[in-house]
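For reference, the structure discussed in these notes is given below.
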Amino acid sequence: MKLNTNASSEYTAEDIEVLSGIEAVRRRPGMYIGSTGPAGLHHLMYEIVYNSIDEALAGFCNKIDVSIAKDNRVTVSDNGRGIPVEEHQATGTSALEAVMTTLHAGGKFGGRSYKVSGGLHGVGASVVNALSEECIVEIKRDGKLYRQVYNRGIAKTAVKEVGQCEGTGTTTTFLPDEKIFGEIKWDYPLLVQRFREMCYLTKGVEIHFEDKRTDDEVTFFFEGGIASFAKFLNKDRKVLHEPIYISKQVGGTDVEVSLQYNEGFAEHVLAFANCINTEDGGSHLTGLRAALTRVINDTARSLKLLKEDDANLIGDDTREGLVAIVSVKISEPQFEGQTKAKLGNPEVKGHVETVVSDELALYLNEHPSDAKRIVDKCLTSARARDAA
Ligand code: 0RA
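Count the sequence shown with the numbering used here and you get residues 3 to 390, in order.
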């Protein structure tokens with residue numbers, strides 16, 4: 003919102019709503035970002051980067067640059083479409099200003115394909131803006147460069163055309179407010195890990211991350227998406243086969259799974275919903291496990307590795323030495339539990355189970371030597387269980 007300096011103009015109902023929104027966020031930041039400690043601070047960064055990830059998921063962006071300046075300012079830049087800057091006739095403001103100043107404008111103006119609620123992600127750029135001493139957004143659209151500056155969530159300038167440019171994109175620079183967060187201490191290793199994960203989960207996007215405090219930098223790009231993730235998790239182990247990669251949409255759920263067995267006995271399965279690591283699992287994980295047990299039993303029977311009189315393998319038998327990633331994208335995620343780290347949506351279990359059952363059966367049918375190695379591994383686990 004640009005504050006009206008014109009004596010004849012008045013505050014509109016919209017202006018008041020914007021101000022009270024910003025005030026609400028600043029008064030109780032924990033309600034929006036979890037805490038004002040290190041975790042909350044880092045959520046500001048994830049939120050802005052996630053907006054660019056979302057533009058990449060929509061198919062319009064393939065490069066994201068993140069940098070931390072010596073003074074702790076963060077700049078996140080993408081080559082997406084650029085947030086629209088033209089003024090709406092009805093409201094007199096642009097989508098840009100609405101995104102930056104209105105709580106939950108994400109769905110309405112953000113063009114988000116997937117809502118990432120659950121408390122921590124998806125709160126929107128307006129929350130980051132409200133909790134930043136200064137925030138500058140620069141938009142490249144139609145050959146022009148536009149700029150708007152905010153202080154603690156309030157627009158200090160209108161959206162101004164400041165030059166010409168090539169290409170399109172959105173650049174956000176923000177300095178978290180020390181009044182809210184105390185001393186600003188960005189954790190480089192933590193951010194590297196998170197960006198690596200985001201990059202695996204968003205196939206084909208490149209993330210370049212630079213820390214000008216130390217001159218550290220890293221670039222991530224994983225053509226194979228979560229299949230590359232499985233390979234990475236197995237990098238120090240002997241594997242039984244190349245990662246199996248499954249990707250299909252069913253009933254409004256985007257399902258992506260990769261799995262690769264190693265010679266070890268530990269189970270290492272990661273579950274994500276809308277790029278959020280659901281550490282306590284949930285319906286997507288349940289669906290994956292059910293499909294795996296079923297398909298491996300069917301395969302064992304059809305390969306005659308399990309005889310008529312043999313009992314079925316149990317779920318545990320199919321998960322020794324398993325590295326797997328399940329990632330779903332859904333429009334209305336329900337995150338449950340104390341830490342909101344469990345996916346609730348019951349329909350997702352069936353969606354994941356269907357996709358994995360169909361596609362994994364197909365894969366194993368077409369790759370009989372992989373199928374045999376995997377089934378043998380599971381039979382070994384079952385025998386060890388019987389012996390114990
Ligand atoms: C809504 C519409 C359009 C772009 C975006 C949102 C957008 C938002 C963000 C946030 C970070 N990076 C972004 N990039 C794009 C464009 C609609 C159009 O041009 O047709």
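For glycine and all other residues, C-beta sits at the position ideal for the given N, C-alpha and C.
The ligand 0RA and residue 97: does any heavy atom of the ligand fall closer than 7 Å to the residue's C-beta? Mapped onto the sequence shown, residue 97 falls at position 95. Flag set: Cβ of residue 97 near the ligand 0RA.
Mapping the DSSP letters down to three states, classify residue 46 as helix, strand or coil. As a position in the sequence shown, residue 46 is number 44, starting the count at 1. Helix, per DSSP.
Quick one: Cα of residue 21 to Cα of residue 105, how far? Your numbering for residue 21 matches position 19 in the sequence shown. Your numbering for residue 105 matches position 103 in the sequence shown. Going by the C-alpha atoms only, they are around 11 Å apart.
With a CB to CB cut of under 8 Å and the five nearest residues on each side skipped, what residues in its chain are close to residue 300? To locate residue 300, count along the sequence shown from 1; it is residue 298. Spatial neighbours of residue 300 in its own chain (CB-CB distance under 8 Å, excluding positions within 5 residues in sequence) are listed in chain order as 363.
Return the chain-ordered list of same chain residues with a C-beta closer than 8 Å to the C-beta of residue 1, the five sequence neighbours on each side being excluded. The structure shown does not extend to residue 1, since the chain is modelled only from 3 to 390, so the question has no answer here.
Below 8 Å between beta carbons: does that hold for residue 288 and residue 344? Working through the sequence shown from its first residue, we reach residue 288 at position 286. Working through the sequence shown from its first residue, we reach residue 344 at position 342. No; because the gap between Cβ atoms is not below 8 Å, this pair is not in contact.
Is the beta carbon of residue 54 less than 8 Å from the beta carbon of residue 80? As a first step, residue 54 must be located in the sequence shown, where it is residue number 52. As a first step, residue 80 must be located in the sequence shown, where it is residue number 78. Taking C-beta atoms as the reference points, residue 54 and residue 80 count as a pair closer than 8 Å.
Straight-line CA distance for residue 376 to residue 218? Locating residue 376 in the sequence shown gives position 374, counting from the first residue. Locating residue 218 in the sequence shown gives position 216, counting from the first residue. As the crow flies, the alpha-carbon of residue 376 is around 41 Å from that of residue 218.
Using a Cβ-Cβ cutoff of less than 8 Å, which residues in the same chain neighbour residue 147 once the five nearest sequence positions on both sides are dropped? Position 145 of the sequence shown holds residue 147. Answer for residue 147: 140, 141, 163, 164, 165, 166 and 167, listed in chain order.
Those runs of the alpha helix (DSSP H) which lie wholly inside the region 41 to 88 and span at least 4 residues: For the region 41 to 88, not a single whole alpha helix (DSSP H) run of length 4 or above is found.
Can you give me the Cβ contacts of residue 347 inside the same chain, cut-off strictly under 7 Å, excluding the 5 residues immediately before and after it? Stepping through the sequence shown from its first residue, residue 347 is reached at position 345. If we look at residue 347 and ignore the five residues flanking it on each side, its Cβ neighbours are 285, 332, 335 and 336.
Straight-line gap, residue 34 to residue 128 (C-alpha atoms, nearest Å): What you label residue 34 is simply residue 32 of the sequence shown in a count that begins at 1. What you label residue 128 is simply residue 126 of the sequence shown in a count that begins at 1. Rounded to the nearest angstrom, the two C-alpha atoms are 11 Å apart.
What does the Cβ neighbour count give for residue 391, buried or exposed, with the cut at 16 atoms within 10 Å? Only positions 3 to 390 of the chain appear in this structure, which leaves residue 391 out of reach.
Is the closest heavy atom of the ligand 0RA to the C-beta of residue 209 under 7 Å? On the sequence shown, residue 209 is found 207 positions in, with the first residue counted as 1. Remark: the C-beta of residue 209 is outside contact range of the ligand 0RA, defined as less than 7 Å to any heavy atom.
Taking the continuous beta strand (DSSP E) assigned at residue 215, which residues delimit it? Numbered from its first residue, the sequence shown carries residue 215 at position 213. Per DSSP, residue 215 belongs to no beta strand (DSSP E) and is neither H nor E.
At what residues does the alpha helix (DSSP H) containing residue 141 begin and finish? Here the question's residue 141 lines up with position 139 in the sequence shown. Not the alpha helix (DSSP H): residue 141 falls in the beta strand (DSSP E), residues 134 to 143.
Output the boundary residues of the alpha helix (DSSP H) element that contains residue 378. Residue mapping note: residue 378 aligns to position 376 of the sequence shown, counting from 1. 370 to 389 is the span of the alpha helix (DSSP H), which, as asked, contains residue 378.
Mind pulling the alpha helix (DSSP H) runs of 4 or more residues that sit fully within the region 317 to 370? Note on the region 317 to 370: whole alpha helix (DSSP H) runs with a minimum of 4 residues are 349 to 368, in chain order.
For the structure I just gave you, are there three or more beta carbon pairs, one from the region 225 to 243 and one from the region 264 to 281, closer than 8 Å? A contact exists between the region 225 to 243 and the region 264 to 281.
Residue 54 Cβ short of 7 Å to the ligand 0RA heavy atom set: Along the sequence shown, one-based indexing puts residue 54 at 52. Residue 54: yes, Cβ under 7 Å from the ligand 0RA.
Check whether the region 168 to 175 and the region 204 to 217 touch, using three or more Cβ-Cβ pairs below 8 Å as the test. Taking 8 Å as the limit for Cβ pairs, the verdict is that the region 204 to 217 does not touch the region 168 to 175.
Hey, would you say the C-beta of residue 368 is under 7 Å away from at least one heavy atom of the ligand 0RA? In the sequence shown, the residue the question calls residue 368 occupies position 366. Answer for residue 368: no, Cβ out of range of the ligand 0RA.
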